[in-house]
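For reference, the structure discussed in these notes is given below.
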Amino acid sequence: MTATPLLELRDVGRTFSSGVFSRRRVRAVAGVSFALEAGRPEVFAVIGESGSGKTTLARMILGAISATEGAILFRGRDLRSVRSHRDRLGFMRAVQPIFQNPFEAFNPLKRVDRYLFASAHRLAAAASKAEVERLADTALHQVGLSLAEVSGRFPHELSGGQLQRTAIARALISRPSLIVADEPVSMIDASLRMTVTNLFRSLRDELGVSIVYITHDLATAYYVSDRIIIMRKGEVVERGEAAEVLRAPQHPYSVLLKESVLSIDSSNGGDAIPSR
Amino acid sequence: MRDLHAHYRVSNFGIRRDVRAVDGISLEVGRNEIYGLAGESSSGKSTLVKTIARAIRPPLFHVGGDVTFDFRSTGRVSLYDLPADELARLRWRHLSYIMQASMSVLNPVRRVRHSFMDFAFRHIGMRPPEFWALVAEHLGRLHLSATVLDSYPHELSGGMRQRVTIALATICRPDFVIADEPTTALDVVVQKSVLEMIREVQQQMASSVLFVTHDMSVHAYLTDRLGIMYAGRLVEEGPTRQILRRAQHPYTQHLVASLPRIGDRTERRGLEGRPPSLAAPPPGCRFHPRCPLAMPVCSQEAPPLVNIAANHRVACHAVKGGAA
Amino acid sequence: MILPVIGDLLRVNREFALGIVMTGIAVAVALASFFSPYPPLDVYVVPPDVPPGEAFLLGTTSRGQDVFWQLTEATRNTLLFGIAVAAISRVIALTVGLLAGYLGGVVDRVLMSINDTFMVVPLFPILVLFYFVMRDRMSWAMLALVMASLGWAYDARLIRSVAMSLKSREFTQQAVFSGMTTRQIVTQEHLPYVLPIVFSTTLNNLNWSIGLEVTLSVLGFTDVNTPTIGGMVYWANQHTAMVAGVWWWIAAPVVLIATLFIGLFLVAASVSEYIDPRSRLGRIGADK
Ligand SMILES: Nc1ncnc2c1ncn2[C@@H]1O[C@H](COP(=O)(O)OP(=O)(O)OP(=O)(O)O)[C@@H](O)[C@H]1O
Ligand SMILES: Nc1ncnc2c1ncn2[C@@H]1O[C@H](COP(=O)(O)OP(=O)(O)OP(=O)(O)O)[C@@H](O)[C@H]1O
Ligand code: SF4
Ligand SMILES: [Mg+2]
Ligand SMILES: [Mg+2]
């Protein structure tokens, strides 16, 4: 590996201490390392127990919180040195988030289109109103929506799926090279899930975007991702090619995880005859 | 719990258009039954559930129809005829509702413990030490330690918050639980034990659960009967196993077929086209613009929901009673 | 969207309606000052000590001023004073609270230590001290400025705590990654959440500053030459109005200030109950 990686994590850790008096300490993430290469866009899946620090990891990659241990490098540059407003804007142009809960991802008192317009204006340097709207509309079409459906609406007027697709569209506006998606499909239905994961594929293949894909859905992780890490209690317990790891997991937790996957064939519903 | 019949309409006066998110739906949830509700995003599942729980807020309005519950201790009650204080008494104790946006139940500036105080303690009639022991035990079954009680909601991970709200809704062991996508943020291991807990509570109490999720494998695992919604209407309903094995409605067939599996990386497509706008739904069968089997009659007449087998109802012109 | 809300409040909420009417009376009196036939500072323009009656609605003072017109002028000044104090201190409280809450870290610590200093400073002695230092240079505007800078600390802390919880929500991150500036996030994303709080504390602050000003004026610790309600009572006391039987000179300002006080209090109470951001999205008709 000669070229600088797109994203590199070296022994990253994060400890939260909360409570002024009690000083409870939570080690949310510990000793996580991996790298995404620059020339080879991929979907990198992060799977793990609930509360295992996946969201915390994502927030560190996004620079929203800083790592307490180790270093995160984006294109060879330590995120700690991305400080000034101009650097931050440049960073955000290249790295965009998609959040876990679509209902929380937009300010409930504001119309959702303002985020699209702000992105187009600030990050994609669209000057005129027409240009801003064109960019927003193009991005929305990429996720199966249109500006006409979204503009002027408040978050509570859209369903979870619509909101999530709007959030993805917003992230696409600045044509980023890395998207950090924290459970982007957990709130949307299977059909749409496929639309979104197929979208990730085409983002990777056509636009060359790398995606850190955090999810609980092993099936879509298998379907779309190239490499995978499995986390538990803040640590990586298994890593490798997604297909390999999910077909034959090694670590006991990964095995348990795979065994717990529900499938429509494992039906035990429908047996109980409703008593009335 | 019989004769749950609902017909509602969302109207958004701000934009002056009616969004018929729930349009003439009748369904029944039997006692001692887990009824599943599945369907596309924005097909109106949450809206239906809100109207059933009478948790409606403008711009959502209840336009017509009736919701009747038959609780063991209260007898038959018609929810929309009930005065507000009476309704408040039913909530949590008999009828509890796990909302999709679960954060909004938890007060962001107060510790989780206070939410338990506010919602559950009043209804359960126990002395504090016993109550907290019960809470701790209950949280334990959801794989949570009792320390979450002393955290603020923002200090918890998404899955932890979701489990806290499930704990809140089930701790009083109500007769009827409505759960709107309660397990979306959980890992599969925890999800499985949460589903088991729900099933266990349901069986102990012989209560009823209305479980909304678009995850068909969860339905397969948990629910007894399944209703499929499309664009504000119920298009198919029947025993879960039968629906998953022998889906009749073209939309349901697609839904079942589109599920990805581990070990199978073949290309799967989302449904072509977009979900119809509920403000101006297509005439006739609402699925016809996207339906592979669409016939001329489909765009003119809305298919009625007919019985094709015992307990199995379908609304589709291509599936006539007795066929298949 | 504000107008229909006010309409609904008027219909549904008795206290609000009463509060609005009472405050409205005070405002109407203040507005009447623009039609005053006499310059406010002139004395002996009418016969002194005339009781309320046909010629002079509320009687006249021992200094030969018409009580009614004097009152209109005084009310206007007092109200303006309160509004000025409330407005200035609100701007300070909002800026400090939102920035400290959103930015956190060093900014937060510095701002909050200033804040805490102001919180523990004893108000009344400071103001009296100020009067003795400034003496004749103590103008109306000066007093407003001093009081404004003493009256923001408590609310700033409140606003900061709201801003802190807003900061941890996902939509703030969404805004950050949409490239919005700190100013945009604070003024457009967070401000709407704290406005309800600010709105009701503004009314309370208005009450507080008016009350303080009246107290100071009655005791003569202000620029007594600008007619204010407190100033009127001060002059009446100087002329021992009560003993001399000129009760209307004192009664008129007292009744007016009571009306204004209760009115503002009622409006503040009902509005703060109403504009809670959680229930704001749709309340009308929900539980009727
Ligand atoms: N601001 C915070 N203060 C204190 N503890 C925190 C904070 N944020 C997260 N934590 C703790 O860090 C741990 C990891 O949380 P995180 O949100 O990263 O989990 P996650 O893997 O995303 O879980 P999920 O799958 O449920 O979303 C949890 O134990 C959580 O309580
Ligand atoms: N307050 C509202 N005003 C206008 N339209 C609304 C409002 N709330 C919901 N809708 C619309 O009603 C439709 C149904 O929404 P609902 O939330 O019930 O869908 P859902 O089936 O629960 O979807 P999901 O699985 O994504 O949660 C959507 O098209 C949505 O845009
Ligand atoms: S009624 Fe017609 S359009 Fe509708 S699902 Fe059946 S075949 Fe398709
Ligand atoms: Mg998370
Ligand atoms: Mg929903």
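Residue numbers (the working numbering), protein chains in the order written: chain A, 1 to 276; chain B, 1 to 324; chain C, 1 to 288.
Backbone N, C-alpha and C fix where the C-beta goes; we use that ideal spot for every residue, glycine too.
This one's a predicted model, so the numbers in the text were calculated from it and none came from an experiment.
Check	Outcome
Closer than 7 Å to chain B by CB, A:Ala-181	no
Whether C:Ala-84 touches C:Ala-144 by CB criterion (7 Å)	yes
B:His-154 versus A:Asn-101 - alpha carbon distance	13 Å
Short CB-CB distance (under 7 Å) between B:Met-160 and chain A	yes
Within-7 Å CB hit, B:Tyr-97 to chain A	no
Closer than 5 Å: residues whose CB approaches a heavy atom of ligand 4	A:Thr-55, B:Ser-157 and B:Gly-158
Close beta carbons around B:Ile-243, own chain, < 6 Å, minus the five adjacent residues each side	Leu-226
For C:Gly-245, the first and last residue of its enclosing beta strand (DSSP E)	C:Gly-245 -> no beta strand (DSSP E), and no H or E assigned at all.
Same chain, Cβ closer than 6 Å to A:Val-212, five either side skipped, listed in chain order	Phe-44 and Val-180
Contacts around B:Ala-179, its chain only, beta-carbon distance under 6 Å, and the 5 residues preceding and following it disregarded	Ile-98 and Phe-211
Which listed residue (A:Asp-78, A:Ile-229 and A:Ala-248) has its alpha carbon closest to that of A:Val-10	Reading the sequence as shown, one finds Arg at residue 10 of chain A and not Val. When only C-alpha atoms are compared, the closest one is A:Asp-78.
Where A:Ile-286 falls, given that 16 or more other Cβ within 10 Å makes a residue buried	Limits of chain A in this structure are 1 at one end and 276 at the other, which puts residue 286 of chain A out of reach.
Heavy atom of ligand 1 within 6 Å of A:Phe-16 beta-carbon	yes
Interface partners of C:Gly-179 on chain A, CB under 7 Å	Leu-89, Met-92, Ala-118, Ser-119, Arg-122 and Leu-123
Among C:Asn-204, C:Ser-200 and C:Gly-231, the one whose alpha carbon lies nearest that of C:Glu-213	C:Gly-231
Interface positions of the region 36 to 62 of chain A facing chain B (Cβ-Cβ less than 7 Å), listed along the chain	Gly-48, Glu-49, Ser-50, Gly-51 and Thr-55
7 Å Cβ cutoff, A:Gln-162 in contact with chain B	yes
Reduced DSSP category for B:Val-67 - H, G, I as helix; E, B as strand; rest coil	strand
Reduced DSSP secondary structure (H/G/I, E/B, other) of C:Ile-83	helix
Assigned secondary structure, C:Asp-116 (DSSP; H/G/I helix, E/B strand, else coil)	helix
B:His-312 - DSSP class collapsed to helix/strand/coil	strand
Burial state of B:Thr-213 (16 or more Cβ within 10 Å)	buried
C-beta atoms of C:Thr-75 and C:Ala-17 nearer than 7 Å	no
Separation of B:Arg-241 from A:Gly-270, as counted between CA atoms	In this prediction, A:Gly-270 has a pLDDT of 39, which is less than 50 and means its spatial position is unreliable; what the coordinates show is noted afterwards. Computed Cα separation, rounded: 5 Å.
Residue environment, C:Ser-270, which counts as buried when at least 16 other CB atoms sit within 10 Å	buried
Contact set between C:Arg-169 and chain A, taken where Cβ atoms lie within less than 7 Å	Glu-104
Closer than 7 Å to chain A by CB, C:Ile-196	In the sequence on display, residue 196 of chain C carries Pro and not Ile. No, no contact with chain A.
A:Leu-203: contacting residues in chain B (beta-carbon distance under 8 Å)	Within chain B, no residue comes near A:Leu-203; the closest Cβ sits about 15 Å away, beyond 8 Å.
A:His-216 versus B:Ala-185, B:Leu-144, B:Ser-217 and B:Asp-224, residue with shortest Cα-Cα distance	B:Ala-185
Simplified DSSP assignment, three categories, for A:Gln-96	strand
Distance CB(B:Cys-316)-CB(B:His-249) smaller than 7 Å	yes
Closest residue to B:Arg-245 among B:Leu-139, B:Val-256, B:Ala-318 and B:Glu-236 (Cα-Cα distance)	B:Val-256
B:Tyr-35 versus B:Ala-220: straight-line alpha-carbon distance, rounded	11 Å
Chain A contact residues for C:Ala-175, given Cβ-Cβ distances below 8 Å	Asn-107, Tyr-115 and Ala-118
Closer than 6 Å: A:Gly-51 CB and nearest ligand 1 heavy atom	yes
Cα-Cα separation between C:Arg-183 and A:Ala-38, rounded to whole angstroms	34 Å
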